[in-house]
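J.: Handing you a structure now.
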Amino acid sequence: MSTPPPFVHLHVHSQYSLLDGVSHFKPLFNRVKELGMDSIALTDHGNMFGSLNFFKEANASGVRPIIGCEVYVSPSNHKDRTSNQAKIQNHLVLLAKDYTGYLNLCHLVSKGFLEGFYYKPRIDKEMLAAHHEGLIAMSACTGGILCRPFLDKRPKDAYQTADDFAQIMGPDNFYVELMDHGLPDQKIVLPELIALARKMNLPMVATNDSHYLRREDAKTQNILIAIGTNKSENVEGRFHFDGEDYYLKSPEEMAAIFGHVEGAIENTVRISEMCHSEIKLKQKDLIPEYITENGQSPTDFLRDLSIAGLKRHYGDITPAIQERFDYEFGIITQMGFVSYFLVVWDFVNFARRNNIPVGCRGSGAGSIVAYALAITELDPIARKLFFERFLNPERVSMPDFDIDLCQVRRQEVIEYVRNKYGSDNVAQIITFNTMKAKAAVRDVGRVKSIPLNMVDRIAKMIPEGPKVSIESALKDSPELKEAYELDHQVTDILDAARKIEGTVRQPGVHAAGVVVCRKPLIEALPLYKQAGKEDVVTQYNMIEVEEVGLLKVDFLGLKTLTMLQDCVDMVKKLHNISIDWDEVGFDDPKTYELLQRGDGFGVFQVESSGMRDLLRKARPLDLEEITVLIAAYRPGPMQFLETYINRKHKREETIYPHPSLEEPLKETYGLMIYQEQVMQTAQVLAGFSLGAADLLRRAMSKKKKSDMEKYGKDFVAGAEKKGVDPKVAKDVFDMIEQFAQYGFNKAHAASYAVLTYRTAYLKAHYPAEFMASLLTSEIRTGASDKLGPYISVARDMGLEVMQPDINRSQMFFSVVEGNIRFGLAAIKNVGQGCVEHIIQMRDKDGPYTSFTDFCERIDQTCVNGRALECLITCGAFDSLDCGTRPQLLDVLKDALEMGASKRSMKASGQTSLFDLLEATDTSEAATGLQLRDIPDWPDRERFAKEKELAGMFLSGHPLDRFRIDFRSFGKVTSSGLAEIEDGTQTALLGLVTAKKEITTKNGDLMAFVELEDLEGKVEIVFFPRTYEQSRDIIMVDSMLFVEGKAQKRVDDAQAKILADKAQRLEDLRRTKTRFLDILLPWESLEMANLEKLRGLMRDYAGNIPVRLRVQTVENGEVLIVPHARYKVNLNESFLGAFDKLKFQKSVRFAEK
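In this text, residue positions in the sequence shown follow the working numbering: the first is 592, and each later residue adds one.
And the structure:
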């Protein structure tokens, strides 16, 4: 048997031919080598999304990559969107022979998206003529530049097109492409193409338009196409590929098809040998050069700026500060990152100059140069942060500042960068959304027309988590495995889903990443633009743009910064106090008092119930301790938190792994929490440089065995030189290897701790302003589901949250006389433009005097009927006393028509006698608006309507009278249920709002019960045994205390509780209330306040003893038990009177 001639596949689609190609790169290269080939091209549809990854993976696997693209060519101008030819896109395959060809391909593909997109990204012949150098062209498939004219019976056009492209590309650079999948159209065009090539003396080349690896993968491609076209597989006439021949065929198979055509097989090898595709990585000339205004060199300018900043921060520059600066500055200049620091300084400085809240998180906080430039706010020397964690002189990589910006004004900074460095030089970064396990199951179920309830059942059996695969789910979920083995339909769905899992579904835009280049980006990499969007985006992802050598900055929109600024502005406006964070510092007692009592609602990073509990136990005293808690409250180090707390409070002895490690581990009481401690341990114990220690840390986190063995030997040898016993050194190395798996970046945690402290400071000193700003931040981000819980917190803080008012409310939440006024923009269907107009008219002509007055003054193009309906429903017109909400809704249409008529008359200068009368009487009756006698809504209906439109109850809460019970007895709230782990034992108090009984297969009764508390609703499941015990007390409108286990599944809209026990509230109060605990701040212990309290206890004498819990900074909560005669009667009158004592923090019923 003769050996087939060598063959190279030059027309190949990968998964980046979105929802069309199946092939992933590693399996592709393995298959190429299995088939005895050593080179392959990538020619995805219209894009180069996968080119860099293809290039790297191919080289790593020993396969020579050829970078290409199957582009769409417009027969007219690529910008044409109107002519008869606009929708025609003929295919053409382009392959890069060299780096020049790669750059020209980048240019063409980019222009296709940026200028030529019309259904597809299109180029034209003129563009190709200008950028053909270094490229080879092939005439593509039956949709190609030559096949289309032949199939349309325009042979002359085909010959003319072939001549045009041969002239454009030059000798030996244009090939007539032949492919045969047995399709009728191919049988028509193949003889024509061969005849054309022979007649015009053009070379031919054989390809197979590969979209998948093996014949059996055609089924997977069929599913992907159905997903992409949003059609079921069994829909007749939907787009699909005919046949199963679009796989990676062997050289033998290709020779059997095209061996008789002269040169068609041989030319694949010839083209491959002509192509030496290259993508240059780590380019040094792409970082923009910072141009100084005074002509000073960037290096001198950076030095001068830094020295000035050091003097501003430190006053005198000590030898230690100078040494640290000289060290960092030397590395920055040596590694060529002077301009990088100046570019970042420039836009951070722009933000600060324009009062745009800005911050920096991450390892950049370890740089004293960044601190001097005010890029960061933490002193790296005082906070013991390492520069090498940010920029390691022993590992060449791009530095990376993570810049936090006010969410509302983030775009202003991006626009500044775009204007400063040129719009062609700045772009956002692409991301690729891939099909996760559950999504793959749902997609497969949809295209196979499987009933939704069955698909849901399968998806819910897959565990939650970003790294969960169908393979791992089958191992970890016995329920799923059993269904897979017993139910053939489940088997089919999971087998199909497994094949598309991990495949790219669609491109997106990275939430924060922006690249800046010294030259137009189109000269460095391919660009992309989403249809209908204006933002230019790179075709390479965030890791790849850095590999190319581009400067990447993460502009992270952080709502906490916006909220902080809103609060600071409100404090200035209401109290004429300017908050300067440098002056505030980090040692305010009131702030730590708030944190120590676990008052973390709304405070950055410490909101969760677990974190609030940790604050109460750890009782942080300074910023370093806040930093530890933030770093440690995550999987891994959490196991050491109890030890940390016990050692901190001297309940356990602090033990160090070695005496020399006391200094690096002192702040965490001998425990390793930070990545920097891993580095410092290697430095102190084994003599590593900090740069080498950072390499060790990185190697440990990657768990590469060969690296670990090498570093282990180096560590022990280095420790021996310092007199450390080798066994001790080995034990310490094993310990830090374990810690390195989960150690947290201290610089990052410390940056977070600053925001934690500042939000806590504002909450402690300006609670109303803080809560108003917090509520506003939720509205800005569209997170209205948090309004209810936060308002409940505000009310627990003693703040009144007043309903919206057309004359008193602002755009967002505001503070009025120490309480909070609901913002108009927080109401559904009332947009910011609408509110701006309402406030503008109010400011211009004074408060609205009646509903009619309002309808006459507003422009109905700005405030439509739906917005007005929502404003009425939420009580915004209640204060005008112009009718009930149902009455105003009843006359709304008439009022708007009357208002529009009067505005029109005024605009035309007409005035009636009645207008003159109405000027003095603006009541609804006087203005001709007749209110019908309609009954007002009952409380429950009013509350329900408010909740629907505002996300919360506005004019009261049906459960307000149980507020102390909620505070006293519930372990968790409905909103807090989302924070606890599946299976956690918990308890919740709430009102039964619905009950549904069902009969099990065994004939037993069970029930699904809806329980509502101050923050939302929860489903409680009563299985037969528990339901039998509790059935008599589970009634709609009854208050129940339920104990049970939390059940959380990722596909459930909300967690449930599986009930173990239920109890009526009145029984709970009787059995659980032995004391009434009153929480008082230390500063409230004045004689006048104590006298008020004593008088109240005398007035409501009863049989429940009173205890005072006094908050102190030094000793936490101190329990004071008054004389035994102070006992009270816990009735509604007492609790109402007590609530009016403004100096108390809260009250709760206590069992012990």
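The beta carbon of each residue, even a glycine, is placed where N, CA and C say it ideally should be.
On a predicted model such as this, the values are computed, not experimentally measured, just so you know.
1) Just to confirm before moving on: does the CB-CB distance between Lys1652 and Gln1638 stay below 8 Å?
2) Can you give me the C-alpha to C-alpha distance between Met768 and Asp689, rounded to a whole angstrom?
3) Just to check my reading of the structure: Phe977 and Glu1267 have Cβ atoms closer than 8 Å, yes? What is that Cβ distance to the nearest angstrom?
4) If you drop the 5 nearest sequence neighbours on each side, which residues of the same chain put their C-beta closer than 6 Å to that of Asp1298?
5) What are the residues that DSSP puts in a beta bridge with Thr1590?
6) Please give the ranges of any alpha helix (DSSP H) in the region 1399-1482, keeping only runs that are unbroken, at least 4 residues long and fully inside the region.
7) To the nearest angstrom, how far is it from the Cα of Met1154 to the Cα of Leu1415?
8) Are Glu807 and Val1038 closer than 8 Å when you measure CB to CB?
9) Could you say if the region 1663-1676 and the region 1603-1612 meet the contact criterion of at least three C-beta pairs nearer than 8 Å?
10) State the start and end residues of the unbroken beta strand (DSSP E) segment that holds Glu1184.
11) Whole angstroms is fine: what's the gap from Glu1509's alpha carbon to Lys1163's?
12) How long is the line joining the alpha carbons of Gly1314 and Lys1294, rounded to whole angstroms?
13) Run through the DSSP bridge pairs and tell me what Tyr1265 is partnered with.
14) Are the Cβ atoms of Val860 and Val599 separated by less than 8 Å?
15) Quick check on the burial criterion: 16 or more other C-beta atoms within 10 angstroms. Buried or exposed for Ala1679?
16) What is the C-beta distance between Glu783 and Phe741, in whole angstroms, given that I count them as a contact (C-beta under 8 Å)?
17) Let's see if you can read the secondary structure: which residues bound the alpha helix (DSSP H) around Ser701?
18) Scan the region 1638-1693 and note each continuous alpha helix (DSSP H) run of 4 residues or more that stays entirely inside, going in chain order.
19) How many whole angstroms separate the CB atoms of Gln1187 and Arg1207, which I take to be in contact at a CB cut-off of 8 Å?
20) Just how far apart, CA to CA, sit Gln1401 and Ile1449?
21) When we look at the beta-carbon of Gly707 and count the other beta-carbons within 10 Å, is it buried (16 or more) or exposed?
22) By the three-class DSSP mapping on this structure, what secondary structure does Cys1158 have?
23) Is it a yes or a no for the region 1180-1195 touching the region 1344-1352, going by three-plus beta-carbon pairs under 8 Å?
24) Do you know how far the Cα of Phe1740 is from the Cα of Leu1726?
25) Which value, in whole angstroms, describes the spacing of the CA atoms of Phe645 and Ala1585?
26) Starting from Leu1390, follow the beta strand (DSSP E) in both directions and report where the run begins and ends.
27) Taking the DSSP output, what are the residues bridged to Asp1145?
28) How far does the alpha helix (DSSP H) with Thr924 in it reach, from first residue to last?
29) My output table needs one value for Pro1615: the three-state DSSP class, helix, strand or coil.
30) Leaving out five residues on either side along the sequence, give the residues of the same chain with a beta carbon under 8 Å from the beta carbon of Leu534.
31) Got a sec, what are the start and stop residues for the beta strand (DSSP E) Arg655 sits in?
32) If you reduce the DSSP assignment to three classes, tell me which class Leu1726 lands in.
33) Which residues bound the beta strand (DSSP E) around Asn574?
34) Report the rounded CA-to-CA distance for Glu717 versus Ser1405, giving the unit in angstroms.
35) Considering only C-alpha positions, which residue in the set Glu853, Met1630, Asp1173 is nearest to Arg1552?
36) Go through the region 857-912 residue by residue and report every complete run of the alpha helix (DSSP H) that reaches 4 residues or more, in order.
T.: Taking the coordinates as given:
1) no
2) The sequence given here places Glu at residue 768; Met does not occur at that position. Cα to Cα, the separation comes out at about 21 Å.
3) 5 Å
4) Ala1290
5) Leu1596
6) 1423-1436, 1442-1448, 1456-1464
7) 18 Å
8) no
9) no
10) Where Glu1184 is concerned, there is no enclosing beta strand (DSSP E), although the alpha helix (DSSP H) it sits in stretches over 1180-1187.
11) Because the pLDDT at Glu1509 is just 49, under 50, the model does not fix this residue reliably, and the point stays unresolved.
12) 28 Å
13) Phe1335
14) yes
15) exposed
16) 5 Å
17) 690-705
18) 1656-1663, 1678-1690
19) 7 Å
20) 16 Å
21) buried
22) helix
23) yes
24) 11 Å
25) 57 Å
26) It is not in any beta strand (DSSP E) - Leu1390 carries neither H nor E in the DSSP assignment.
27) Asp993, Gly1104
28) 910-925
29) helix
30) As shown, the chain starts at 592 and ends at 1743. That puts residue 534 outside it, with no answer to give.
31) 655-664
32) helix
33) Residue 574 falls outside the range modelled here, since the chain spans only 592 to 1743, and no answer is possible.
34) 60 Å
35) Met1630
36) 857-865, 889-905
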